[in-house]
Amino acid sequence: WHSAKMGLLSSAAQVETAFAASALPARAASFDVVVDATGSPTGLDLARSLCRPLGAVVLKSTCAAGADFNTAPFVVDELRVVGSRCGPFPPALELMAAGLDLTPL
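Going by the numbering used here, the letters in the sequence shown line up with residues -6 to 98, in that order.
So this is what it looks like as structure tokens:
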């Protein structure tokens, strides 16, 4: 189910997609942008490990990391952390106007 959705994103937006289970360890620190939709501290750390230095980790859900959350890897790798509840609508609307078929979603 998710593989089909990832395939839609890959072809429509012309980006490479990967699931964490198949990306680590070989693809560690190799993605410009990593989206974490788990809402868990483990998922956030996994997203961080997949993101290249100076890249961006996009949080698509709220992560209550707690007081023992280690920010050092984010600072050392100069990662940008971006929160997204609804996302930027103009690029999404442009994809839809260009003919992106959302029916399978």
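Don't be surprised by glycine CBs; every beta carbon is placed ideally from N, CA and C.
Looking only at Pro83, Val8, Gly76, the smallest Cα-Cα distance to alanine 30 is reached by Gly76. Note: leucine 72 is not bridge-paired with any residue in the DSSP secondary-structure output. Remark: C-beta atoms of alanine 40 and valine 27 approach each other more closely than 8 Å. The Cβ atoms of aspartate 61 and arginine 45 do not sit closer than 8 Å to each other. Selection Pro34, Ser54, Gly32, Asp38 evaluated against alanine 21 yields Asp38 as nearest (Cα-Cα).
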